[in-house]
C-alpha cells in the first residue's frame, strides 16, 4: 500500500487525443508506474473546454474537473501540470501560470517550445521548477532522453530526422504504388492521416518546429524555426522515385542539422538518400532520428511519430521523471537550450553548404538541350556527375536527370534560376540534395 | 571558471580499450560536459596493473595513479568509481569496495551485471549510493536510458536485439559474399574483429549476458543467463542465406525476450527475419534493439556495439548522470532489477513457445525422402507451409528446405530428433525459428 502523502499529484490540461492517451496510460499502467517509482502518480485534476463530455477512466478515482485551466495550475494539490492543449497563445499562458505557482511542467507542445523554448526554460530554472518536453518531438521516440542522458557525454556533429509522419506516409505510398502526390494526399485526407489543410505537414513547417527543438538540444544552441530552410514535398512525382531508384537512392523529407567549420546548416527538404541506409527503411507514418557524435559515431532511433498512446507514453515518462525529482532531489539547473554557454555553432544559410545534387528536368525535346543546361552549370563551376534518361514516349514532356558533384548550394540555385528562363523547359528544374551516406 | 569544490571527482579502474576511451572523451569533451552539468567532472585517480605505461591525456592535469584498485575506492577525493576492468571476480570486489566506501559506481561489466546485477543493485540501494551500467550492453546505443527514462511509462511486451557485433559481422559477410562460416571467421580473426577463442561471440554467450540485463530492465524481472536458451551461428551456411532470400528473409543472431500469457520466453539464436524489416538492415558490427510496448507500440535503436569511444561515451554519460545526482539530489531508491515487485512474468522454457520454423536438410537424394520427412512432421502434428529446393547438381549432398506453420518448439525438436536417425540425411536437420514481423 502506497501512502497517499507519498504520491505526486498531476493536473492535466487538454483532453484531446494526447490528453486522453495520457490518462489511459496513467490508469492502465498505474501499478507498474508506482513500482518503478517507489510511489504513485495520481491524477488529481483535469481540464478541458468540454470536460464533462470527456470519458475519464474510472480507476483513476476522484478527479477534480474544470473547464478553466487557471483552476488547475492554482489547485493546491497539483504538483505537476501537463500542458496538452497545443497551439501557442493559451499554452504559453498555462505554462507561465504553472511556473508562477511553482509547479513543474510537462508539455507536448512543439510550436511553443520551438519558438520560445529557451525563454520558457530560463523562467522555469529561475523559479526552481522542472520542465519536460519529450512528447514535443517524434511522440513515440524517446529522443529527448537520448540527447539529455543517453549520449550526453558525446558531442553531436550531425542530426538527421524524418519527423513528419504524414509526409513520410505520402512519399512511401508514392514510391510503392507509383501514385501522384495529389492522389495520395487526397486519399490520406479521406483516411484521416492528413489534415484538410495539409500545409503544415506537406510544406515542412511541422517538421521544422521539431527540428528546431532537436537541433537546440543537440547543439546547445538557441535555434528557432526561422533559422531553418524549409521546402515541402509537393513537387516530388512518382517519376522522381524511378530516377532515384536507378541511382540507388530513395526520397524522403529530411530534417538536417549539420555542423561544419563554417557553422551550423539547418534544413527541412526532400532529399535523395541511399536505398541501403537504415534511414531509407523508414516507411509510412513512422519517424526516425539519426545522430552522429564526434566520439560515439552514429546512432539511430525509430518509432511512431504520433498517436494518442505513443505520445501518452512520452508524457507519462516525463511525468515519472519530474515526479522522481520532486520526491528525491532538486531539478537540474542547466537549460537544455544552453545557448549562452554552448554557442559556438551559429546557424548559417544553407546556400553556403556543399552537397551533391539531383536535378530533374521536364523538357519539350529538341536539339541542343543538354548543351544549354550543361553550359549554365559550367558557368557556375558545377561539375556533372551523371546524366540519366529513362525511356519515355512523350517527347514534348520528356523527363531526364542530371546529377552534379558536391558544390555550393548557391551555385545550384543560381544555375536553376538561369535555367528557368529556357523555353524548352516545361517547368522549373527540381533540385534535390543528395545526402551523404547516413 | 568553475570552482574546484563544485567538481565531482572520478576514479577510473581499468585502462584497457574502454578505460582509455573514457579518458579521451573526458579530456576532449571536458568543456561541454561542464557546461551541460553546470559543474566539471575531474579525473582524480586512475588504476591499472601497468598504470605507468598508460598514456593519460595531459589536459586532465594532475591525476593520482595506482596499480592497486583499493587505493582508488578508498581515495578521499574520489566521489564516483568507474569499474572498467571486465571479468567477474576482481570487478565484483571493486564494486563491493566502492559501495563499502559509499562511492557511486559506473560499470561497463556485462558478465557481472548479468549474473549478479540484482544483488549488486540491492547492496547499492542499501548503501544509498547510485549505480549506472549503460556501457554494459550495446556500448554505443543508450538503451538503458531509453528503458529507464525514455519509455519508462510504457509496459514492454517484447524486446528483440542484435547484441553481438562479431557474429553479426560474420553473418553479413557470409550473406554478401557467399563465403563459408569458417572462412569468414578466420578472416575476422586476422583483422582483429574476432577473438582467437571465438566461442563467446559465435556461440551466443556474450549476447546472452546482454539479453539477461536488457530483459531484466525491460520486464522488471530477475533474469540470469541460465534462464536463456542459447544457440550459436556455427551451423549457418551461405546456402541458408540463399534459401532465406528466396523466402523474403535474412538470417541474424536474434536475442529475443517475449511476454506471453504462458510467461516470458528468452532465447539467443539464429533466426529468419523479414528482409524488409528495419532490423534486417543492421549490417556488420552494428548492434540494434527493437522494443514493443503495450502502449507506445514499437521503437528501434541502433548503433555501434563496441569500440573504445562509443563505449567511452556511454561511461561518460553515466558519470554525468551520477555526478548530477551527487550534486543535486539523492539517487533513486528503486532497483531496475525490481524482481520482488514486478515479478509477474517468469521465464519459461522456449520449448513451450509457438513459432513458424525453417528446416533445412542435406540429403543423399533418392525416392521417398519427402514422404519420410513429411511423415515425421505429421506425427508431431506439424503442418507444412512450403517446400523449396534450389537447383543443385550434387545429388549426393542435396540441400532443400521445408517451412512449417507456427507450432510448439517441442514438436519441432521432437521431429528433428526423429529425423536425425534417417540414413539419407548427410547431417542433422537445421531448424531456425522464423520471427514474427519486427
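Chains as they are written, first to last, in our numbering: chain Z, 448 to 885; chain P, 448 to 885.
C-beta atoms are modelled at their ideal positions from N, C-alpha and C, and glycine is treated no differently.
CB of residue i within 9 Å of CB of residue j, strictly
i, j, result
"residue 879 of chain Z", "residue 755 of chain Z", "no"
"residue 539 of chain P", "residue 507 of chain P", "no"
"residue 750 of chain Z", "residue 485 of chain Z", "no"
"residue 849 of chain Z", "residue 833 of chain Z", "yes"
"residue 464 of chain P", "residue 601 of chain Z", "no"
"residue 700 of chain P", "residue 651 of chain P", "yes"
"residue 793 of chain Z", "residue 855 of chain Z", "no"
"residue 763 of chain P", "residue 473 of chain P", "yes"
"residue 727 of chain P", "residue 697 of chain P", "yes"
"residue 613 of chain Z", "residue 635 of chain Z", "yes"
"residue 690 of chain P", "residue 804 of chain P", "no"
"residue 454 of chain Z", "residue 478 of chain Z", "no"
"residue 532 of chain Z", "residue 460 of chain Z", "yes"
"residue 609 of chain P", "residue 649 of chain P", "no"
Helix, strand or coil at residue i according to DSSP, with G and I counted as helix
i, result
"residue 762 of chain P", "helix"
"residue 877 of chain P", "strand"
"residue 615 of chain P", "helix"
"residue 655 of chain P", "helix"
"residue 640 of chain Z", "coil"
"residue 726 of chain P", "helix"
"residue 632 of chain Z", "helix"
"residue 677 of chain Z", "strand"
"residue 449 of chain Z", "Reliability of the predicted coordinates at residue 449 of chain Z is poor, the pLDDT of 45 falling under 50, and no value is obtained from them."
"residue 839 of chain P", "coil"
"residue 683 of chain P", "coil"
"residue 588 of chain P", "coil"
"residue 466 of chain P", "helix"
"residue 579 of chain P", "strand"
"residue 521 of chain P", "coil"
"residue 564 of chain Z", "helix"
"residue 503 of chain P", "coil"
"residue 865 of chain Z", "helix"
"residue 691 of chain Z", "helix"
"residue 882 of chain Z", "coil"
"residue 663 of chain Z", "helix"
"residue 830 of chain P", "coil"
"residue 871 of chain Z", "coil"
Limits of the unbroken alpha helix (DSSP H) element including residue i
i, result
"residue 854 of chain Z", "No alpha helix (DSSP H) contains residue 854 of chain Z, which is instead part of the beta strand (DSSP E) from 845-855."
"residue 487 of chain Z", "No alpha helix (DSSP H) holds residue 487 of chain Z; DSSP gives it neither H nor E."
"residue 536 of chain Z", "536-547"
"residue 649 of chain P", "646-649"
The beta strand (DSSP E) enclosing residue i, as first and last residue numbers
i, result
"residue 826 of chain Z", "Element bounds for residue 826 of chain Z: not the beta strand (DSSP E) but the alpha helix (DSSP H), 816-826."
"residue 596 of chain Z", "Element bounds for residue 596 of chain Z: n/a, residue is neither H nor E."
Beta-ladder partner(s) of residue i, from DSSP
i, result
"residue 454 of chain P", "Partner(s): none; residue 454 of chain P has no beta bridge."
"residue 512 of chain Z", "Z:493"
"residue 744 of chain P", "P:740"
"residue 554 of chain P", "P:530"
"residue 705 of chain P", "P:605 and P:712"
"residue 808 of chain P", "P:847"
"residue 733 of chain Z", "Z:751"
"residue 697 of chain Z", "Z:720"
"residue 459 of chain Z", "Z:493 and Z:529"
"residue 795 of chain Z", "Z:712"
Chain Z contact for residue i (CB, 9 Å cutoff)
i, result
"residue 772 of chain P", "yes"
"residue 560 of chain P", "no"
"residue 881 of chain P", "no"
"residue 761 of chain P", "yes"
"residue 535 of chain P", "no"
"residue 472 of chain P", "yes"
Test: residue i CB closer than 9 Å to a CB of chain P
i, result
"residue 781 of chain Z", "yes"
"residue 462 of chain Z", "no"
"residue 601 of chain Z", "yes"
"residue 526 of chain Z", "no"
"residue 610 of chain Z", "no"
"residue 753 of chain Z", "no"
"residue 672 of chain Z", "no"
"residue 621 of chain Z", "no"
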